[in-house]
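Number of protein chains: 2
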Amino acid sequence: MLRAKRLQELAFFVSMPYMAQKQPDPYATLGEFIKRQRELSQLSLRQLADICGISNPYLSQIERGLRTPSSMILQSLAKGLRISAETLYTQAGILDPQEAEESDVIKAVLHDPDLSARQREMMIDMYRSFRQVNETSSTT
Amino acid sequence: MLRAKRLQELAFFVSMPYMAQKQPDPYATLGEFIKRQRELSQLSLRQLADICGISNPYLSQIERGLRTPSSMILQSLAKGLRISAETLYTQAGILDPQEAEESDVIKAVLHDPDLSARQREMMIDMYRSFRQVNETSSTT
DNA sequence: CCCAGGTGCTTGCAAAAGTTAGCGATTCTA
DNA sequence: TAGAATCGCTAACTTTTGCAAGCACCTGGG
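These protein sequence lines are chains A and B, in that order. All letters in the first sequence, in the order written, are residues 2 to 141 by our numbering. All letters in the second sequence, in the order written, are residues 2 to 141 by our numbering.
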């Protein structure tokens with residue numbers, strides 16, 4: 002299994018920038034986090050509001066921190082943003098961070114026994130390129 | 002205090018079906034679930050309300066399904082009942098139960114806050130198709 | 001008997017959540 | 001340049017949440 006060894010090297014190589022991004026969380030409030038997720042998904046405020054079945058002014062108020070959404074709304078927001086509800090709850094300060102452990106995509110891929118080495122490589126490449134794209138687009 | 006003794010017996014008696022409660026429990030609404038947990042803990046309505054910092058009439062209404070508690074209230078209820086918040090959210094139908102059964106990769110992707118919804122979708126699609134390919138090729 | 005203290009439940013009421021209507025600004029098209 | 005469509009936001013409104021006060025019931029003790 003020298004393939005596994007390669008992947009371990011790759012994991013080491015990739016781990017550093019990813020770890021760096023985990024700690025600093027400038028999107029302190031739930032609203033800011035939701036807004037960033039929405040913009041990352043290239044959705045307008047109205048579009049996401051429609052998807053989630055809520056009114057657009059209300060979503061606007063949530064994003065600006067003027068309103069605290071109920072559990073149900075938060076759940077539909079999670080669905081609309083294709084994000085784990087736990088993550089959203091953690092961001093909202095409702096769930097303890099330790100409870101909703103932020104798992105590492107790359108680690109998970111590397112630990113998955115049902116993927117081939119080549120497939121792992123592809124997924125990690127994909128993930129890294131996504132991250133890179135997001136990085137450059139957000140700084141512009 | 003023969004009442005407390007009775008409740009202890011009741012708690013023991015009830016504990017076994019409680020373990021089986023993780024499976025689909027059709028008659029248990031969130032309110033009923035909370036009430037059962039409260040009684041298992043041998044707490045009166047007012048006691049639990051005090052612990053959670055909410056009013057007793059409100060807790061009563063929650064238990065009877067007349068009110069839908071907010072995220073914050075639900076969280077403090079989870080703390081008061083010494084229950085994982087996820088469990089409570091799942092009972093409330095707010096958290097998707099099957100999400101926990103997904104693979105670690107999918108979970109990790111869903112947890113990653115630095116991907117867009119579309120990117121997440123693509124990665125999950127990729128992962129699923131890999132799995133499918135591996136499945137068919139191994140069974141042949 | 002009545003008072004004290006426990007249980008859970010009903011009733012208004014203030015404060016939030018959440019909606020509809022519509023504003024001004026931008027962009028694209030005719 | 002007019003007109004439509006989109007963007008996010010404000011204002012006024014309705015609905016729901018969550019609480020304080022008080023209800024009726026039960027139990028045990030003087």
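Yeah, the Cβ is synthetic: ideal placement off N, Cα and C, and Gly gets one too.
Of the listed residues the options, nearest to residue i (C-alpha basis)
{"i": "L31/B", "options": "I55/B, P70/B, S45/B, L46/B", "result": "P70/B"}
{"i": "L60/B", "options": "L116/B, I35/B, M123/B, P114/B", "result": "I35/B"}
{"i": "S77/A", "options": "D51/A, R132/A, Q62/A", "result": "D51/A"}
{"i": "N135/A", "options": "V134/B, Q120/B, R132/B", "result": "Q120/B"}
{"i": "T91/A", "options": "T91/B, R132/B, S72/B", "result": "S72/B"}
Alpha-carbon to alpha-carbon, residue j and residue i
{"i": "L111/A", "j": "E87/A", "result": "23 Å"}
{"i": "Y128/A", "j": "I107/A", "result": "8 Å"}
{"i": "L82/B", "j": "D126/A", "result": "44 Å"}
{"i": "S104/A", "j": "D113/B", "result": "A caution first: S104/A carries a pLDDT of 43, below 50, which makes its placement in the model unreliable, though a value can still be read off. The straight-line gap from Cα to Cα measures roughly 8 Å."}
{"i": "Q38/A", "j": "L49/B", "result": "37 Å"}
{"i": "R47/A", "j": "R132/A", "result": "26 Å"}
{"i": "R65/B", "j": "I63/A", "result": "29 Å"}
{"i": "D26/A", "j": "M124/A", "result": "Low local confidence applies: a pLDDT of 43 at D26/A is under 50, so the model's placement there is unreliable, and no value is given."}
{"i": "N57/B", "j": "L44/B", "result": "12 Å"}
{"i": "E1/A", "j": "S130/A", "result": "Lying outside 2 to 141, the shown extent of chain A, residue 1/A is not represented and no answer is given."}
{"i": "D115/B", "j": "E33/A", "result": "13 Å"}
{"i": "E145/A", "j": "C53/A", "result": "Here chain A comprises residues numbered 2 to 141, so residue 145/A is not present and cannot be evaluated."}
Cβ distance (whole Å) where residue i is taken to contact residue j below 8 Å
{"i": "S42/A", "j": "A109/B", "result": "Not quite, the Cβ-Cβ distance comes to about 18 Å (not below 8 Å), so this is no contact."}
{"i": "I84/B", "j": "I55/B", "result": "16 Å between Cβ atoms; not a contact."}
{"i": "A79/B", "j": "L89/B", "result": "5 Å"}
Proximity test, Cβ basis, 9 Å: residue i and chain B
{"i": "L44/A", "result": "yes"}
{"i": "Q62/A", "result": "no"}
{"i": "T30/A", "result": "no"}
{"i": "L154/A", "result": "An answer regarding residue 154/A cannot be provided, because it is not within the stretch 2 to 141 covered by chain A."}
{"i": "G66/A", "result": "no"}
{"i": "A50/A", "result": "no"}
{"i": "N57/A", "result": "no"}
{"i": "K108/A", "result": "yes"}
{"i": "R83/A", "result": "yes"}
Chain A contact for residue i (CB, 9 Å cutoff)
{"i": "Y128/B", "result": "yes"}
{"i": "L207/B", "result": "Outside the shown range of chain B, which is 2 to 141, sits residue 207/B, and nothing can be said about it."}
{"i": "Y90/B", "result": "yes"}
{"i": "S71/B", "result": "yes"}
{"i": "E122/B", "result": "yes"}
{"i": "F1/B", "result": "The first residue shown for chain B is 2 and the last is 141, placing residue 1/B beyond what the model contains."}
{"i": "E33/B", "result": "no"}
{"i": "R119/B", "result": "yes"}
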